[in-house]
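Single-structure report; data block below.
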Amino acid sequence: MADKPEYIPGLAGVPAARSSVCLIDGSVGKLQYRGYPIEQLAEQCTYEETAHLLLFGELPTREQLETFEQELATRRKLKFRIVDVLKQLPESGHPMDALTAAVAGFGMFYPGDHVADLEFRRLSAVRLVAKLPTVVAAWHRIRRGDDPIPPRPDLGHAANFLYMLEGEEPDELAAKVMDVALTLHAEHSMNASTFTARVTASTLADPYAAVASAIGSLAGPLHGGANERVLAMLRTIDGSSPEAVRRWAEDRLARKEKIMGFGHRVYKVKDPRAVILQGLATQLFERYGATPIYDLAVELERQMSELVGHKGIAPNVDFYSGIVYEKLGIPVDLFTPVFAIARVSGWLAHLLEQLQDNRIFRPSQIWVGEADRTVPPIDAR
Ligand code: CMC
6 MADKPEYIPG LAGVPAARSS VCLIDGSVGK LQYRGYPIEQ LAEQCTYEET
56 AHLLLFGELP TREQLETFEQ ELATRRKLKF RIVDVLKQLP ESGHPMDALT
106 AAVAGFGMFY PGDHVADLEF RRLSAVRLVA KLPTVVAAWH RIRRGDDPIP
156 PRPDLGHAAN FLYMLEGEEP DELAAKVMDV ALTLHAEHSM NASTFTARVT
206 ASTLADPYAA VASAIGSLAG PLHGGANERV LAMLRTIDGS SPEAVRRWAE
256 DRLARKEKIM GFGHRVYKVK DPRAVILQGL ATQLFERYGA TPIYDLAVEL
306 ERQMSELVGH KGIAPNVDFY SGIVYEKLGI PVDLFTPVFA IARVSGWLAH
356 LLEQLQDNRI FRPSQIWVGE ADRTVPPIDA R
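So in this note's numbering the end of the sequence shown lands on 386, straight run, no missing numbers.
As structure tokens, then:
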């Protein structure tokens with residue numbers, strides 16, 4: 006008999022695809038989208054250029070970019086019946102659930118023959134990238150009784166999202182910071198939500214179902230949901246002195262509780278996205294004034310580096326993202342939806358890649374239960 010296959014919890018390190026979308030070397034903090042370093046993309050490209058790169062494999066020429074930007078801008082609007090769906094949801098519900106519901110609903114409003122139809126695939130992808138920010142902003146307004154603000158086609162993807170939240174056009178720095186934050190979150194290889202998207206896509210379900218399932222996966226506190234919890238956690242810390250911060254971290258580690266915004270399955274050094282986000286946070290503070298919670302975060306990072314840095318536990322992307330979003334005026338429970346707005350282009354890049362050479366996912370299991378039992382009569386159980 007063949008050897009039993011080894012069980013690897015969380016499939017850690019098990020390849021689930023051949024991919025050319027995103028390269029990570031977690032030992033040195035290297036992150037590249039289709040071979041381009043994240044640092045260069047963040048500095049030189051917009052989110053729209055990055056989304057084009059992820060979806061279609063190459064950075065756009067000037068002409069391709071104009072066409073893509075226009076297509077995204079014209080597809081931002083929501084059908085009024087999707088807005089009606091949002092209006093039926095309880096206003097106390099989490100925005101990630103509202104987003105999942107709306108995106109799942111897209112499948113009914115935009116039916117396609119089959120994902121084998123290349124135009125249906127492309128159009129669904131563009132629609133999803135274009136409309137997710139509108140759903141999130143519309144939900145945010147509907148839940149407090151305000152009318153959604155229609156998207157403005159003359160604004161870029163990031164600036165338009167901030168505009169749709171409160172109706173105020175962001176200044177250049179705020180729009181740039183939002184844009185870079187979207188680029189940083191756009192893709193990250195085979196994480197839980199991307200794997201979810203690929204599994205759903207592998208059944209030849211439509212892209213709306215694949216993205217809806219990925220949004221559900223992203224919502225969990227160990228994945229995208231961590232960014233909300235970082236700010237909540239920082240607010241519980243006594244930041245009056247470095248010693249107080251250290252005591253807090255030591256206590257929490259002694260209780261074996263996770264410290265949100267630290268640790269990563271892949272990175273064993275500081276996440277390169279956290280480095281870039283920290284730079285953005287600093288720019289925002291120079292323009293709009295400092296936030297004490299940032300100094301506390303920096304102190305916690307210093308203490309954690311001394312306590313557990315040697316174990317490869319360092320800040321991940323979520324550690325500074327919440328601080329940046331808060332400064333941009335984004336409500337805390339929209340942090341994870343913002344992650345989804347960005348990551349949708351990565352999910353779709355993987356979906357398109359999966360469909361190019363598809364085989365339905367069907368892993369095996371290791372049986373640990375009893376076998377060959379006989380059903381006893383009900384009175385004998
Ligand atoms: N705080 C304290 N200890 C930690 C942390 C942390 N944040 N992360 C890992 N460790 C310890 C863990 O206790 C374990 O120690 P030991 O070997 O003594 O039992 C060791 O490091 C390995 O941890 P693990 O949980 O087995 O690592 P993993 O690769 O399964 O999990 C993780 C990775 C991101 C789920 C985990 O680090 C974590 O829960 N971090 C906090 C939540 C968080 O910030 N998530 C955002 C991740 S980045 C964005 C995203 O992917 O969505």
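Glycine residues also receive a C-beta, built at the ideal position from the N, C-alpha and C atoms.
Since the model is a prediction, treat every value here as computed from it, not as a measurement.
Open item on the list: Using a 10 Å radius around the Cβ and a threshold of 16 neighbouring Cβ atoms, would you call THR139 buried or exposed?
Closed with: Against the sequence shown, residue 139 aligns to sequence position 134. It counts as buried.
Task: Boundaries of the alpha helix (DSSP H) in which TYR52 is found, first to last residue - done: Counting from one through the sequence shown, the residue named residue 52 turns up at place 47. Element bounds for TYR52: 52 to 61.
Open item on the list: Please classify GLN12 as buried or exposed, where buried requires at least 16 neighbouring CB atoms within 10 angstroms.
Closed with: Here residue 12 is taken as the residue at index 7 of the sequence shown, counted from 1. Residue 12 is actually Tyr in this sequence, not Gln. Classification of TYR12: exposed, given that the 10 Å Cβ count is below 16.
Task: Counted within 10 angstroms of its Cβ, other Cβ atoms place LYS261 as buried (16 or more) or exposed - done: Locating residue 261 in the sequence shown gives position 256, where the first residue counts as 1. By the neighbour-count rule (16 or more Cβ atoms within 10 Å), LYS261 is not buried but exposed.
TODO: Go to TYR293, then tell me how far its alpha helix (DSSP H) extends in each direction, as first and last residue.
DONE: As a working note, residue 293 is residue 288 in the sequence shown. First-last of the alpha helix (DSSP H) with TYR293: 277 to 293.
- [ ] Count the other CB atoms, across all protein chains shown, that sit within 10 Å of the CB of PRO153; report buried if there are 16 or more and exposed otherwise.
- [x] Translated into the one-based positions of the sequence shown, residue 153 becomes position 148. So PRO153 counts as buried.
Task: Option nearest GLY40 by Cα separation, candidates ALA295, LEU58 and ALA254 - done: For the purposes of this step, residue 40 is taken as the residue at position 35 of the sequence shown. Of the candidates ALA295, LEU58 and ALA254, the one whose C-alpha sits nearest the C-alpha of GLY40 is LEU58.
Open item on the list: So TYR213 and SER129 are supposed to be a Cβ contact under 8 Å. How far apart are they, rounded?
Closed with: Here residue 213 corresponds to residue number 208 of the sequence shown, with the count starting at 1. Here residue 129 corresponds to residue number 124 of the sequence shown, with the count starting at 1. Right, their Cβ atoms sit about 7 Å apart.
TODO: Pull up the distance between the alpha-carbon of ALA180 and that of PHE166, whole angstroms please.
DONE: Mapped onto the sequence shown, residue 180 falls at position 175. Mapped onto the sequence shown, residue 166 falls at position 161. Cα to Cα, the separation comes out at about 9 Å.
Open item on the list: Please report the distance separating the alpha-carbon of VAL26 from that of GLU311.
Closed with: Here residue 26 refers to the residue found at position 21 when the sequence shown is read from its first residue. Here residue 311 refers to the residue found at position 306 when the sequence shown is read from its first residue. Their backbone Cα atoms lie some 35 Å apart in a straight line.
Task: Exposure label - GLY351; buried when at least 16 CB within 10 Å - done: For the purposes of this step, residue 351 is identified with residue 346 of the sequence shown, where counting begins at 1. Per the 10 Å Cβ criterion, buried.
TODO: Give every residue of the same chain whose Cβ lies closer than 6 Å to the Cβ of LEU209, excluding the five residues on either side of it in the sequence, and list them in chain order.
DONE: Your numbering for residue 209 matches position 204 in the sequence shown. The residues are VAL120.
Task: Same chain, Cβ closer than 8 Å to PRO408, neighbours up to 5 away in sequence not counted - done: The requested residue 408 is not part of the displayed model; the chain covers only 6 to 386.
- [ ] Ignoring anything shorter than 4 residues or poking outside the segment 201 to 275, list the alpha helix (DSSP H) runs there in chain order.
- [x] 212 to 223, 231 to 240 and 247 to 259
Task: C-alpha distance - LYS332 paired with ASP300, whole-angstrom precision - done: Looking up residue 332 in the sequence shown gives position 327. Looking up residue 300 in the sequence shown gives position 295. LYS332 and ASP300: Cα-Cα distance of roughly 14 Å.
TODO: Scan the segment 337 to 376 and note each continuous alpha helix (DSSP H) run of 4 residues or more that stays entirely inside, going in chain order.
DONE: 340 to 361
TODO: Using beta-carbon positions only, say whether GLY34 and PRO226 come within less than 7 Å of one another.
DONE: Taking the sequence shown and counting its residues from 1, one reaches residue 34 at position 29. Taking the sequence shown and counting its residues from 1, one reaches residue 226 at position 221. Not a contact, by the Cβ cut-off of 7 Å.
Open item on the list: Rounding to the nearest angstrom, what Cα-Cα distance links MET101 and TYR115 in this structure?
Closed with: What you label residue 101 is simply residue 96 of the sequence shown in a count that begins at 1. What you label residue 115 is simply residue 110 of the sequence shown in a count that begins at 1. Looking at the two C-alpha atoms, the distance is approximately 21 Å.
Open item on the list: If distances are taken between C-alpha atoms only, which option among GLY317, GLY244, HIS269 and HIS315 comes closest to ALA302?
Closed with: Taking the first residue of the sequence shown as 1, we reach residue 302 at position 297. Checking every option, the nearest Cα to that of ALA302 belongs to GLY244.
TODO: In the DSSP assignment, find the alpha helix (DSSP H) that holds TYR168 and state where it starts and stops.
DONE: Within the sequence shown, numbered from 1, the residue matching residue 168 stands at position 163. Segment 162 to 171, the alpha helix (DSSP H) holding TYR168.
- [ ] Take every Cβ of the segment 367 to 384, pair it with every Cβ of the segment 72 to 91, and state whether three or more of those distances are shorter than 8 Å.
- [x] no
Open item on the list: By the three-class DSSP mapping on this structure, what secondary structure does LEU28 have?
Closed with: Against the sequence shown, residue 28 aligns to sequence position 23. Here LEU28 sits in strand by DSSP.
Open item on the list: Taking 7 Å as the limit between beta carbons, can you name the residues of its chain near GLU76, skipping five residues before and five after?
Closed with: In the sequence shown, residue 76 corresponds to position 71, counting from 1. Closer than 7 Å at Cβ, skipping near neighbours: VAL131.
Open item on the list: Report the start-end ranges of each alpha helix (DSSP H) in the segment 44 to 118 that is 4 residues or longer and not cut off at the edges.
Closed with: 52 to 61, 67 to 79, 85 to 93 and 100 to 114
Open item on the list: Does the structure place the segment 315 to 329 close enough to the segment 280 to 287 that three or more beta carbon pairs sit under 8 Å?
Closed with: yes
Task: Proximity to SER198 [Cα-Cα], best of GLY230, TYR272 and PHE290 - done: Taking the first residue of the sequence shown as 1, we reach residue 198 at position 193. Selected option, being the one with the closest Cα: GLY230.
- [ ] Hey, could you find the ends of the beta strand (DSSP E) LYS35 is sitting in?
- [x] Position 30 of the sequence shown, counted from the first residue, corresponds to residue 35. Here the beta strand (DSSP E) through LYS35 covers 35 to 38.
Task: Beta-carbon spacing of ARG364, HIS190 below 7 Å - done: As a working mapping, residue 364 is identified with position 359 in the sequence shown. As a working mapping, residue 190 is identified with position 185 in the sequence shown. No, the Cβ-Cβ distance between ARG364 and HIS190 is not below 7 Å.
Task: Cut-off 8 Å between Cβ atoms - residues of its own chain near GLU255, not counting five sequence neighbours on either side - done: For this step, residue 255 is matched to residue 250 along the sequence shown. Correct list, in chain order: LEU312.
Open item on the list: Using DSSP's beta-bridge definition, name the partner residues of TYR41.
Closed with: Residue numbering aside, residue 41 sits at position 36 when the sequence shown is read from its first letter. TYR41 is bridged to TYR38.
TODO: Go through its chain and collect everything with a Cβ distance to ARG251's Cβ below 6 Å, but skip five positions before and after it.
DONE: By 1-based counting over the sequence shown, the position of residue 251 is 246. Counting only Cβ-Cβ distances below 6 Å, and skipping sequence neighbours, we find GLN308.
- [ ] List the residues that DSSP assigns as beta-bridge partners of PRO320.
- [x] Translated into positions along the sequence shown, residue 320 becomes position 315. According to DSSP, PRO320 bridges with PHE267.
Open item on the list: Can you tell me whether ARG23 is helix, strand or coil according to DSSP?
Closed with: As a working mapping, residue 23 is identified with position 18 in the sequence shown. Reduced to three states, the DSSP call for ARG23 is coil.
- [ ] Quick one: grab the DSSP three-state call for MET183.
- [x] Working through the sequence shown from its first residue, we reach residue 183 at position 178. Helix, per DSSP.
Open item on the list: Here's the rule: buried if 16 or more other CB atoms are within 10 angstroms of the residue's CB, otherwise exposed. What is MET113?
Closed with: As a working note, residue 113 is residue 108 in the sequence shown. By the 10 Å Cβ count, MET113 comes out exposed.
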